[in-house]
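S.K.:
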Amino acid sequence: MNFLRRRLSDSSFVANLPNGYMPDLQRPESSSSSPASPATERRHPQPLAASFSSPGSSLFSSFSSAMKQTPQAPSGLMEPPTPVTPVVQRPRILLVIDDAHTDWSKYFHGKKVNGDIEIRVEQAEFSELNLAAYVTGGCMVDMQVVRNGTKIVRSFKPDFILVRQHAYSMALAEDYRSLVIGLQYGGLPAVNSLYSVYNFCSKPWVFSQLIKIFHSLGPEKFPLVEQTFFPNHKPMLTAPNFPVVIKLGHAHAGMGKIKVENQHDYQDITSVVAMAKTYATTEAFIDSKYDIRIQKIGSNYKAYMRTSISGNWKANTGSAMLEQVAMTERYRLWVDSCSEMFGGLDICAVKAVHSKDGRDYIIEVMDSSMPLIGEHVEEDKQLMADLVVSKMSQLLVPGATVPSPLRPWGPQIKPAKSPGQGQLGPLLGQPQPRPSPQGGPRQAQSPQPPRSRSPSQQRLSPQGQQPVSPQSGSPQQQRSPGSPQLSRASGGSSPNQASKPSVSLSSHNRPPVQGRSTSQQGEEPQKSASPHPHLNKSQSLTNSLSTSDTSHRGTPSEDEAKAETIRNLRKSFASLFSD
């Protein structure tokens, strides 16, 4: 701007201008209908000098506004990013299957999935639920509960499930395995997994997994109690040793367990098994000193010791003393080995007995429906809540964060090649052309190696894929769509055209056609351009119109930009005021 101000205030610059252009600028617009003759204008030289400041200032202001708008033109190509409005995610529904003694909503209060999605807790027992599962529609759960004497009926689609209740028990005539199947049918994630919950509906089935661990680790590291399985009462003739403990069917909390002292009692129990029409297991009675329970909730471990005070052989029946003991590596190995069954158990516990002779025997493993004991019940519930939130954050990822496979990749800027890189080819990690989207063929590469160019001559193509180099050839080859190139000055071109590279605007708006290579796209315009010679004039006009934009983006230094601007202004003055 300082350069233009000095240039326009120079008297020699004004004197070299054609005669009559200053009065034309000074004349009001109303005089355009009756213009004065040049002879009349030459009789009044005084107003020209007196009013030099007025047209000069107006001319300077007009060019100032033009120069202010010129740098803003390229920046207008990059629109400022519009502020993204935050998407309000719907709350995730957590279904907790547990009795009404524990209010799980308070343990999830204030917790969010991924830090920004609310959690809505729905709690009910298996007996209060019903559902319908679909292939594409997920699982719709109907809940009918009674809270404070009020019956609540609600239907919803849960996103996650926490199972804290047994799905099957022969003693209580409760069989909700069909609901577990329906939840699994709807593809719902859960803690523990619905696959493991269904497998835990049969204790002998779970014990078979303990047998696998026993054979894998050995009796020293994993001491498993000796047990015998009978599918019905017929094979139950006698036991090798007495006393024995007989367990009927699938029951919990010490139900269905009987201690048999001799053969006569054993025969009597066999008739009971026949009436129950179920399977049974027998195992040697262990005169225990105390029971051991090792639980695992996520990555938290606890070990408890329970000693019977009432003298009952069932330590969980009657009075007992419970205390927390140190977590040893032996106990950790037990619970870690059991947590790997059925695809992984996030919450589990191992029960064992310590005999009076100092030996340990593993008798059972429990899943997420295990009862919580000890002084840290509230802490354990909070640990379960944190575990569920962590699993929900991993599995229930919002849809906005998942990248779409159809989303186009951003333009990649490739560096210019060195002179020797074209000969080595892809052996030195040469950047390869980006493959066409949706499985289209790749663009054909030029058989000729690219020539090295100076930094002032390198300029990115409008697509930002590779540097554009000037190539000699016919005008039809320079105007081929899909491959914008810099126009080179021929022998008959003017110096102005030789100093200003231009790019065809048609190449900006027409991307390469899918399914065609670059060579095929270049041959088709050559055939179609021959019967229309007037396209060369329109193309040259288009090139001249796009000169200012391309020269601004391709000029490496500010001095050359200023010189180019002065040359354009001089030519504009000569063309406008020559007449």
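For the sequence shown, UniProt numbering gives the first residue as 1, with consecutive numbering after it. Each residue gets a CB set at the ideal place from its N, CA and C atoms; glycine is no exception.
#1: Would E118 pass as a contact of P158 if the rule is Cβ separation under 8 Å?
#2: Quick one: Cα of D336 to Cα of F342, how far?
#3: From H376 to Q267, what distance separates their C-alpha atoms?
#4: For D93 versus Q165, is the C-beta spacing smaller than 8 Å?
#5: For A303 versus A326, is the C-beta distance shorter than 8 Å?
#6: Determine the DSSP secondary structure at E128, reduced to helix, strand or coil.
#7: Could you tell me the alpha carbon to alpha carbon distance between L576 and L569, rounded to whole angstroms?
#8: In the DSSP assignment, the alpha helix (DSSP H) including M392 goes from what residue to what residue?
#9: Nearest CA to the CA of K221: which residue from Y331, I373, M392?
#10: Which complete beta strand (DSSP E) runs does the region 285–353 hold, if anything under 3 residues is left out?
#11: Alpha carbon to alpha carbon, how far is N316 from E340? Give it in angstroms, no decimals.
#12: Looking at C-alpha atoms only, which residue of L395, S390, M384, E558 is the closest neighbour of Y107?
#13: Can you find the residues in the same chain that come closer than 8 Å, C-beta to C-beta, to S208, ignoring five residues on each side of it along the sequence?
#14: What first and last residue would you give for the alpha helix (DSSP H) that runs through M275?
#15: Indicate whether E323 and M305 have their beta-carbon atoms separated by less than 8 Å.
#16: If we count the other Cβ atoms within 10 Å of its Cβ and call it buried at 16 or more, is I566 buried or exposed?
#17: How is Q209 classed by DSSP in three states: helix, strand or coil?
#18: Using CA coordinates, which residue listed in E122, V113, P223 is at the minimum distance from D99?
#19: Going by beta carbon distance, what residues of the same chain come within less than 6 Å of I573, once the five residues before and after it are set aside?
#20: Does the distance from the C-beta atom of S288 to that of S355 stay below 8 Å?
#21: For L237, count neighbouring Cβ atoms within 10 angstroms of its own Cβ and tell me buried if that reaches 16, exposed if not.
#22: The beta strand (DSSP E) spanning K151 covers which residue range?
#23: Taking V260 as part of the beta strand (DSSP E), name the residues at either end of that continuous run.
#24: What do you reckon, are the CB atoms on N192 and D367 nearer than 8 Å?
#25: Are L248 and A276 closer than 8 Å when you measure CB to CB?
#26: Quick check on the burial criterion: 16 or more other C-beta atoms within 10 angstroms. Buried or exposed for Y168?
#27: Starting from F230 and walking both ways along the beta strand (DSSP E), at which residues does that stretch end?
#28: Who are the near neighbours of residue 580 in its chain, counting only those whose CB is closer than 8 Å to its CB and skipping five residues on each side?
#29: Anyone know if the C-beta pair for P189 and K391 falls short of 8 Å?
#30: Could you tell me the alpha carbon to alpha carbon distance between V353 and I373, rounded to whole angstroms?
#31: Beta-carbon separation of G256 and M170 under 8 Å?
#32: Would you give the residue range spanned by the beta strand (DSSP E) that R92 belongs to?
#33: Quick test of your reading: W334 and I363, contact by CB under 8 Å. State the CB separation rounded to the nearest angstrom.
#34: How would you label M321, buried or exposed, when you count the other beta carbons within 10 angstroms and need 16 or more for buried?
#35: Quick one: what does DSSP say T281 is sitting in, helix, strand or coil?
#36: On the criterion of 16 or more Cβ atoms from any shown chain inside 10 Å, does I286 qualify as buried, or is it exposed?
M.R.: In this structure, then:
#1: No, they are not a contact pair.
#2: In this model, D336 and F342 are separated by some 13 Å (Cα to Cα).
#3: 44 Å
#4: Going by the sequence as given, residue 93 is Ile instead of Asp. Not in contact: I93 and Q165 (Cβ atoms no closer than 8 Å).
#5: yes
#6: Helix.
#7: Distance between L576 and L569, taken at the CA atoms: about 10 Å.
#8: 377–395
#9: Y331
#10: 288–297, 300–308, 320–325
#11: Straight-line Cα distance between these residues: approximately 27 Å.
#12: Checking every option, the nearest Cα to that of Y107 belongs to M384.
#13: none
#14: 263–276
#15: Between E323 and M305, the CB-CB gap stays under 8 Å.
#16: So I566 counts as exposed.
#17: helix
#18: E122
#19: Contrary to the premise, residue 573 reads as Phe rather than Ile in this sequence. Result list for F573: empty, nothing under 6 Å.
#20: Cβ atoms of S288 and S355: closer than 8 Å.
#21: exposed
#22: 150–156
#23: 257–260
#24: yes
#25: Contact flag set, yes.
#26: buried
#27: 227–230
#28: There is no way to answer for residue 580, as the model of the chain reaches only from 1 to 579.
#29: Their beta carbons are under 8 Å apart, which means P189 touches K391 by this criterion.
#30: 17 Å
#31: yes
#32: 92–97
#33: About 12 Å separates the CB atoms of W334 and I363; that is not less than 8 Å, and the two are not in contact.
#34: exposed
#35: Note: T281 maps to strand in three-state DSSP.
#36: buried
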